[in-house]
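Asks:
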Amino acid sequence: MDLIQVLSKQIANQIAAGEVIQRPSSAIKELLENSIDSGADKIELYVKDAGKSLIKVVDNGSGMSVNDTRNCHKRHYTSKIKKINDLFKIKTMGFRGEALASIASISMMEIISKKIEDNIGFKIILKDGKIVDESEYVSQNGTTINVKNLFYNVPARRKFLKSNNVELRHITNSFTKIALANPDVEMHFYSDNKRILFLKESNFRKRIIDVIGSKKNELLVPLNETTSLVSISGFIGKPEAAKRTRGEQYFFVNGRFIKNNYLNHAIQKAYSDLIGDKYFPSYFINLKIKSDLIDINIHPTKTEIKFENEKEIYAILRATTRKSLGEYNIAPSIDFAQEIAFQDNYTSSINNYISEPKIKIDKN
């Protein structure tokens, strides 16, 4: 008797969805990134029961045509890439054509979209990833997506969701990362009809303060350096702002939040003589790199990136951090060119003398 058989399309989709969507916050991350890609400058997020009953994302972006609305939930349908080489010069948050397909296969979903040039919008209703109803719909410009009863047809996954408080914390973390990466976008977040965050369009420093708290303002040290390989901007925390957790450590590469232990080490190393071993510095750092020098297509969550010049970026990042600490009399001065100690073809704008520190730092 033959034992090997092909999986049904529904089961295959649910398995694939598990790689992309582990919990409500995973779905929210993907939906918010789609809104960013649409060019929206205002995004609203509403959740009920920590996203288990309802996730609603409303944006004022470019919207979709009728046919694009019909197709956007289909696996591997995307407007972001057309040929294999496009994978190595990605400038959008999404690109695989998997997120909406994954969410649609494990929820009841409604998508309403309208382009500015259209007189009326279009609405589709999906169940198990299939359109069960569609119609013209009076709506504002942009896209609204309602995700209801996430994991309703995957009880094993739903059973492993945590309490509403825990899941809401994950949602807040996902929302915060995207909000920090896009300070020029007005963002609203409501949970069970209560406003959690309202963030007006602002600059990066103001967005950090709005998210983390106004008390952090005086503890932020500007970070700014441009080389032919990477541009670095953002803020690092003064040593006294160091924490026992990594909760205030944010790297953004070309507007995308990433996790990278190697670059984390570069920052930690820059603070090595300023904070104790059990403390972690705060930082909010933007890296701008040519898209063909990084590979985003590593993991379904798109939070891991491979750098073609990782060692050089490490050296630049560490030296830039030390330079900024020195400028604010927090660390000894350095010679940037000597500090990075690698090939001369990455030129720096640092030529200014940095004074020696005038304060003592408590290493405890």
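Residue numbers (this note's numbering): 200 to 563.
For each residue, glycine too, the CB sits at the ideal point set by N, CA and C.
Just so we're clear, the structure is a prediction, and the values are computed from it rather than from any experiment.
What runs of the beta strand (DSSP E), each 3 residues or longer, lie entirely inside the segment 389 to 437?
Replies: 393 to 398, 419 to 425, 430 to 436
Asks: Where does E509 fall in DSSP's three states?
Replies: By one-based count along the sequence shown, residue 509 stands at place 310. Under the three-state reduction of DSSP, E509 is assigned to helix.
Asks: Using three-state DSSP, classify I370 as helix, strand or coil.
Replies: Residue 370 sits at position 171 when you count from the first residue of the sequence shown. In this structure, I370 counts as helix in the three-state DSSP scheme.
Asks: Taking the alpha carbon of L462 as the reference point, which residue from K437, F479, L516 has its own alpha carbon closest?
Replies: Here residue 462 corresponds to residue number 263 of the sequence shown, with the count starting at 1. Ranking the options by Cα distance to L462, first place goes to L516.
Asks: Any idea what DSSP makes of L360, helix, strand or coil?
Replies: As a working mapping, residue 360 is identified with position 161 in the sequence shown. Three-state DSSP puts L360 in coil, outside helix and strand.
Asks: Do Y389 and R443 have their C-beta atoms within less than 8 Å of each other?
Replies: Counted from its first residue, the sequence shown places residue 389 at position 190. Counted from its first residue, the sequence shown places residue 443 at position 244. No, Cβ-Cβ distance for Y389 and R443 is not below 8 Å.
Asks: Helix, strand or coil for V219, going by three-state DSSP, please let me know.
Replies: Sequence index remark: in the sequence shown, residue 219 carries index 20 (1-based). Of the three classes helix, strand and coil, the one that applies to V219 here is helix, per DSSP.
Asks: Given that a residue counts as buried once 16 or more other Cβ atoms are within 10 Å of its Cβ, and exposed if not, what is K414?
Replies: Locating residue 414 in the sequence shown gives position 215, where the first residue counts as 1. With fewer than 16 Cβ atoms within 10 Å of its Cβ, K414 is classed as exposed.
Asks: Using 8 Å as the threshold, is the C-beta distance between I466 and P480 below it?
Replies: For the purposes of this step, residue 466 is taken as the residue at position 267 of the sequence shown. For the purposes of this step, residue 480 is taken as the residue at position 281 of the sequence shown. Against a cut-off of 8 Å, the Cβ pair of P480 and I466 comes out as a contact.
Asks: Cα-Cα, which of L492, H464, I407 is closest to A518?
Replies: As a position in the sequence shown, residue 518 is number 319, starting the count at 1. H464 is the residue among L492, H464, I407 whose C-alpha sits nearest the C-alpha of A518.
Asks: Which residue comes first and which comes last in the alpha helix (DSSP H) that contains Y449?
Replies: Locating residue 449 in the sequence shown gives position 250, counting from the first residue. Not the alpha helix (DSSP H): Y449 falls in the beta strand (DSSP E), residues 448 to 452.
Asks: Assuming I324 and E309 form a contact by the criterion Cβ under 8 Å, report the distance between their Cβ atoms to the nearest whole angstrom.
Replies: Stepping through the sequence shown from its first residue, residue 324 is reached at position 125. Stepping through the sequence shown from its first residue, residue 309 is reached at position 110. Correct: roughly 5 Å between the Cβ atoms.
Asks: If G436 and F403 are in contact, beta carbons under 8 Å, what's the gap, nearest whole angstrom?
Replies: Indexing the sequence shown from 1 puts residue 436 at position 237. Indexing the sequence shown from 1 puts residue 403 at position 204. Incorrect: roughly 14 Å between the Cβ atoms, too far for contact.
Asks: For L396 versus F374, is the C-beta distance shorter than 8 Å?
Replies: As a working mapping, residue 396 is identified with position 197 in the sequence shown. As a working mapping, residue 374 is identified with position 175 in the sequence shown. Contact: yes.
Asks: Return the first residue and the last residue of the alpha helix (DSSP H) that I302 is part of.
Replies: Taking the first residue of the sequence shown as 1, we reach residue 302 at position 103. That run of the alpha helix (DSSP H) goes 298 to 304.
Asks: Where does the unbroken alpha helix (DSSP H) through K468 begin, and where does it stop?
Replies: Counting from one through the sequence shown, the residue named residue 468 turns up at place 269. Taken as a continuous stretch (DSSP letters only), the alpha helix (DSSP H) holding K468 covers 460 to 469.
Asks: Could you check whether the Cβ of I330 sits closer than 8 Å to any Cβ belonging to chain B?
Replies: In the structure shown, chain B does not exist; there is a single protein chain.
Asks: Who are N345's beta bridge partners in DSSP?
Replies: On the sequence shown, residue 345 is found 146 positions in, with the first residue counted as 1. Note: N345 sits in a beta bridge opposite K255, E309.
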